[in-house]
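S.K.:
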Amino acid sequence: MDQGSKIAGYFKGKSILITGSTGFLGKILMEKILRVEPQVKKIYLLVRAQDSDSAKQRVQSEVIGKELFKVLKEEHGKGYNKFMEEKISPIAGDVIYENLGIESSQVENLINEIDIIVNNAATTNFYERYDVSLDANTLGAKHVLEFAKKCVNLKMLLHVSTATLNGSSNLDIESELRLVEETKKELQLSETDSLESTEKLERTAMKELGIKRAKKFGWPNTYVFTKALGEMVLGHMRGDVPLVIIRPTIITSLYTEPLPGWMEGTRTIDSFILGYAKGNLSCYLADLKEIMDVIPGDMVVNAMIAAIVMHSGEDAETIYHISSSMRNPVRFVTFEQCLYRYFRENPRIGKNGITIGFNRVHIFNTVSAFKAYMTLRYKLPLEALHIVNLLLCGRFSHRYNELSRRYRYIMHLVDLYSPYTFFRGRFDDMNLQRLKLAIDKDPTDAQLFCFDPKIIDWGNYFYQTHIPGVLKFLPK
1129 MDQGSKIAGY FKGKSILITG STGFLGKILM EKILRVEPQV KKIYLLVRAQ
1179 DSDSAKQRVQ SEVIGKELFK VLKEEHGKGY NKFMEEKISP IAGDVIYENL
1229 GIESSQVENL INEIDIIVNN AATTNFYERY DVSLDANTLG AKHVLEFAKK
1279 CVNLKMLLHV STATLNGSSN LDIESELRLV EETKKELQLS ETDSLESTEK
1329 LERTAMKELG IKRAKKFGWP NTYVFTKALG EMVLGHMRGD VPLVIIRPTI
1379 ITSLYTEPLP GWMEGTRTID SFILGYAKGN LSCYLADLKE IMDVIPGDMV
1429 VNAMIAAIVM HSGEDAETIY HISSSMRNPV RFVTFEQCLY RYFRENPRIG
1479 KNGITIGFNR VHIFNTVSAF KAYMTLRYKL PLEALHIVNL LLCGRFSHRY
1529 NELSRRYRYI MHLVDLYSPY TFFRGRFDDM NLQRLKLAID KDPTDAQLFC
1579 FDPKIIDWGN YFYQTHIPGV LKFLPK
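What follows is the structure, encoded as structure tokens:
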């Protein structure tokens, strides 16, 4: 630990419970705290697992064994595993249950010891089943808050949400839960051939219901809708719990530490990078003049840590947008140009050793132009190939399947992300600027916990750090 850091020093002797600890932000947060304040008392990691041994195995393989922790490994050398065993305690549980699904024998010890809770657990699938998304993102927030109220020494509950695009705030969550149960009962009464077909029908129905309800109330997808519902639960039930809600925009790879470019999980813009790399993306629907609001993962975690310290023990709810669109906006055209330049100068090589063909993606800024292109480039050829394939006994099946796959891939991406590529809003970051001014008073803290997007040269970051990071750490 840097002895001059007041923020890092706050965590000395503290016990922290992190949910969603096997996720991207959960790992970065844990690594940072252990690196800047090794005298933290204990970090409890809530892990979905059947028992304690399974939880330990998940943490070993999915968390502390990752390359992200290489700096800590170098610092502690042969004592790394012992240090991690002393500081980290995996707990089997799940936020979808009361008491977070933790064994009753462990609950009393935790509620007497925990100082800080960070709720990072969520399902981030945009088109997740509505019942699954409600359980994790809405009821999960409720269960974490109820557990927090039992913690006698609690100084902070930090809840990780998302920067939502729009939508209604006057919703009856109980009605949504009842709707889910009623829909399931109706499906169970329907006549189907087998249990497998019933489960498939329910899965499809729950996904469609989530999108339908989200769009009815003005939200683009099930994920942001259920995260917004979770925030509403926290606002209504907070009581006197010190609460900070952070709303990151699109999170990208690490900017500086401990491993620039490190990434896990395909995020919004990463689908375009992988589409470019595989040659599957021939066109897209977007307004290149619009601003893409992105923020590196290490800056998000730095802001989380600073907010925990600054609001520790306050009887208040504080919301932070962690974003770049107000302070250092970057337009989609910058990202697209970096993509083109990168793959032009760094051509991809296939498994057979042959260079993968590369063409610049056509970007359309109107729906009509995009649909016309997709019809001429894909739909009409697919219809013709289908007929020819039938006449020639499947001779062109491979070509038909490949073209069909590309068509579905592009349409899927457009369906998922067009609300973001045409979003013309900006997220209010005044609270974040006040937090920055507060930590800037201490030069050590300002450097150690930097979350100022103004320092980022986006073109250089995309080309030198993020794109190669995605290609390295997201090979699948």
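One gets our numbering by counting positions in the sequence shown from 1 and adding 1128 to each. Glycine included, C-beta positions come from ideal geometry on N, C-alpha and C.
(1) What does DSSP give as the partner residues of M1438 in its beta bridges?
(2) Can you give me the C-alpha to C-alpha distance between E1203 and L1387, rounded to a whole angstrom?
(3) Report all residues from its chain with a CB closer than 7 Å to the CB of H1594; omit the five preceding and five following residues, and keep chain order.
(4) Roughly how many whole angstroms lie between the Cα atoms of P1424 and N1281?
(5) Can you grab the Cα-Cα spacing for the pair M1212 / Q1188, in whole Å?
(6) Cα separation between L1467 and I1401?
(7) Leaving out the 5 sequence neighbours to the left and right, which residues in its chain are closer than 6 Å to M1365 when beta-carbon positions are compared?
(8) Skipping 5 residues on each side, what residues in its chain have a beta carbon closer than 8 Å to that of I1224?
(9) For C1466, which three-state DSSP category applies?
(10) Mark D1368 as exposed unless 16 or more other C-beta atoms lie within 10 angstroms of its C-beta, in which case mark it buried.
(11) Would you call the stretch 1574–1591 in contact with the stretch 1450–1470, where contact means no fewer than 3 C-beta pairs closer than 8 Å?
(12) In three-state DSSP terms, what is F1492?
(13) Determine whether the beta carbon atoms of V1428 and I1450 lie at a separation below 7 Å.
(14) Where do the N-terminal and C-terminal ends of the alpha helix (DSSP H) with K1198 fall, by residue?
(15) To the nearest angstrom, how far is the alpha carbon of V1191 from that of R1176?
(16) Does the contact criterion of 3 or more C-beta pairs under 8 Å hold for the stretch 1245–1260 versus the stretch 1205–1221?
(17) Taking three-plus beta-carbon pairs below 8 Å as touching, is the stretch 1517–1527 in contact with the stretch 1537–1551?
(18) Along the chain, where does the beta strand (DSSP E) that runs through S1217 open and close?
(19) Quick check: what's the CA-CA separation for I1230 versus G1148?
(20) Determine the closest residue to P1581 out of G1407, S1452, I1491, with distance taken between C-alpha atoms.
(21) Given G1151, which residues of its chain have a CB within under 7 Å of its CB, disregarding the five upstream and five downstream residues?
(22) Measure the alpha-carbon distance for V1372 versus I1433 and round it to whole angstroms.
(23) Under a Cβ-count criterion, where at least 16 other Cβ atoms within 10 Å of its own Cβ denotes burial, should D1300 be classed as buried or exposed?
(24) Cα separation between D1426 and T1326?
(25) Using 7 Å as the threshold, is the C-beta distance between I1244 and I1144 below it?
(26) I think E1445 touches G1363, with their Cβ atoms under 8 Å apart; what is that distance to the nearest whole Å?
(27) Report the three-state DSSP secondary structure of K1140 (helix, strand or coil).
(28) For I1171, which beta-bridge partners are listed by DSSP?
(29) Label H1526 either buried or exposed according to how many other C-beta atoms from any shown protein chain fall within 10 Å of its C-beta, with 16 as the threshold for buried.
(30) Would F1254 count as contacting chain B if we go by Cβ distances under 7 Å?
(31) Near D1573, what residues of its chain come up, given a Cβ to Cβ distance below 7 Å and the 5 sequence neighbours on each side ignored?
(32) Kindly list the residues whose CB is nearer than 6 Å to the CB of R1186, restricted to its own chain and excluding five residues on each side of it in sequence; keep chain order.
(33) If we call anything under 7 Å between Cβ atoms a contact, is I1378 one with T1396?
(34) Three-state secondary structure (DSSP) at Y1589?
(35) Per DSSP, what kind of secondary structure is T1247 in: helix, strand or coil?
(36) Please tell me whether T1483 and I1491 are closer than 7 Å, where the distance is taken between their beta carbons.
M.R.: With the structure as the only source:
(1) To locate residue 1438, count along the sequence shown from 1; it is residue 310. For M1438, which the question treats as bridged, DSSP gives no partner whatsoever.
(2) As a working note, residue 1203 is residue 75 in the sequence shown. As a working note, residue 1387 is residue 259 in the sequence shown. As the crow flies, the alpha-carbon of E1203 is around 14 Å from that of L1387.
(3) Translated into positions along the sequence shown, residue 1594 becomes position 466. Counting only Cβ-Cβ distances below 7 Å, and skipping sequence neighbours, we find T1380, S1381, G1389.
(4) Residue mapping note: residue 1424 aligns to position 296 of the sequence shown, counting from 1. Residue mapping note: residue 1281 aligns to position 153 of the sequence shown, counting from 1. Cα to Cα, P1424 sits roughly 32 Å from N1281.
(5) Taking the first residue of the sequence shown as 1, we reach residue 1212 at position 84. Taking the first residue of the sequence shown as 1, we reach residue 1188 at position 60. So the two alpha carbons sit approximately 10 Å from each other.
(6) Within the sequence shown, numbered from 1, the residue matching residue 1467 stands at position 339. Within the sequence shown, numbered from 1, the residue matching residue 1401 stands at position 273. Whole-angstrom Cα-Cα distance: 7 Å.
(7) As a position in the sequence shown, residue 1365 is number 237, starting the count at 1. Excluding residues within five positions, the ones whose Cβ falls inside 6 Å are L1273.
(8) On the sequence shown, position 96 is the one that residue 1224 refers to. If you ignore the 5 residues before and after I1224, its C-beta comes within less than 8 Å of the C-beta of D1263, A1264, L1267, G1268, H1271, all in its own chain and listed in chain order.
(9) By one-based count along the sequence shown, residue 1466 stands at place 338. In the displayed model, C1466 falls within a helix according to three-state DSSP.
(10) Counting from 1 along the sequence shown, the entry for residue 1368 is found at position 240. Here D1368 is exposed: its Cβ has fewer than 16 other Cβ atoms, across all protein chains shown, within 10 Å.
(11) Below 8 Å, enough C-beta pairs join the stretch 1574–1591 and the stretch 1450–1470 to call them touching: three or more.
(12) As a working note, residue 1492 is residue 364 in the sequence shown. DSSP places F1492 in strand when its eight states are reduced to three.
(13) Numbered from 1 along the sequence shown, position 300 holds the residue referred to as residue 1428. Numbered from 1 along the sequence shown, position 322 holds the residue referred to as residue 1450. Yes, the pair counts as a contact, with Cβ atoms nearer than the cut-off.
(14) Counting from 1 along the sequence shown, the entry for residue 1198 is found at position 70. 1198–1204 is the extent of the alpha helix (DSSP H) around K1198.
(15) Residue mapping note: residue 1191 aligns to position 63 of the sequence shown, counting from 1. Residue mapping note: residue 1176 aligns to position 48 of the sequence shown, counting from 1. About 13 Å.
(16) no
(17) no
(18) As a first step, residue 1217 is located in the sequence shown; it is residue number 89 there, counting from the start. Residues 1216–1220.
(19) Taking the sequence shown and counting its residues from 1, the one referred to as residue 1230 is at position 102. Taking the sequence shown and counting its residues from 1, the one referred to as residue 1148 is at position 20. The straight-line gap from Cα to Cα measures roughly 14 Å.
(20) Here the question's residue 1581 lines up with position 453 in the sequence shown. Considering only alpha carbons, the answer is S1452.
(21) One-based indexing of the sequence shown puts residue 1151 at position 23. Hits under 7 Å: N1248.
(22) Mapped onto the sequence shown, residue 1372 falls at position 244. Mapped onto the sequence shown, residue 1433 falls at position 305. If you take the alpha carbons of V1372 and I1433, they lie about 11 Å apart.
(23) Residue 1300 sits at position 172 when you count from the first residue of the sequence shown. In this structure D1300 is exposed. Its beta-carbon is surrounded by fewer than 16 other beta-carbon atoms within 10 angstroms.
(24) In the sequence shown, residue 1426 corresponds to position 298, counting from 1. In the sequence shown, residue 1326 corresponds to position 198, counting from 1. For the pair D1426 and T1326, the Cα-to-Cα distance works out to about 43 Å.
(25) Here residue 1244 is taken as the residue at index 116 of the sequence shown, counted from 1. Here residue 1144 is taken as the residue at index 16 of the sequence shown, counted from 1. With contacts defined as CB atoms closer than 7 Å, I1244 and I1144 qualify as a contacting pair.
(26) Position 317 of the sequence shown, counted from the first residue, corresponds to residue 1445. Position 235 of the sequence shown, counted from the first residue, corresponds to residue 1363. Correct: roughly 7 Å between the Cβ atoms.
(27) To locate residue 1140, count along the sequence shown from 1; it is residue 12. K1140 falls in the strand class under three-state DSSP.
(28) Here residue 1171 refers to the residue found at position 43 when the sequence shown is read from its first residue. Looking at the DSSP assignment, I1171 forms a beta bridge with I1144, I1216.
(29) Here residue 1526 is taken as the residue at index 398 of the sequence shown, counted from 1. Burial state of H1526 is exposed, judged by a 10 Å Cβ sphere holding fewer than 16 other Cβ atoms.
(30) Absence of chain B from the displayed structure is noted, only one protein chain being present.
(31) Counting from one through the sequence shown, the residue named residue 1573 turns up at place 445. Once the five neighbours on either side are set aside, the close Cβ partners of D1573 are S1133, K1134, I1135, I1567.
(32) What you label residue 1186 is simply residue 58 of the sequence shown in a count that begins at 1. Closer than 6 Å at the Cβ level, and outside the excluded window around R1186, lie V1175, A1177.
(33) Walking along the sequence shown from the start, residue 1378 turns up at place 250. Walking along the sequence shown from the start, residue 1396 turns up at place 268. Going by C-beta atoms, I1378 is nearer than 7 Å to T1396.
(34) Position 461 of the sequence shown holds residue 1589. Helix at Y1589.
(35) As a first step, residue 1247 must be located in the sequence shown, where it is residue number 119. It is worth fixing the name first, because residue 1247 is Asn in this sequence and not Thr. Strand, per DSSP.
(36) Counted from its first residue, the sequence shown places residue 1483 at position 355. Counted from its first residue, the sequence shown places residue 1491 at position 363. Not closer than 7 Å, so no.
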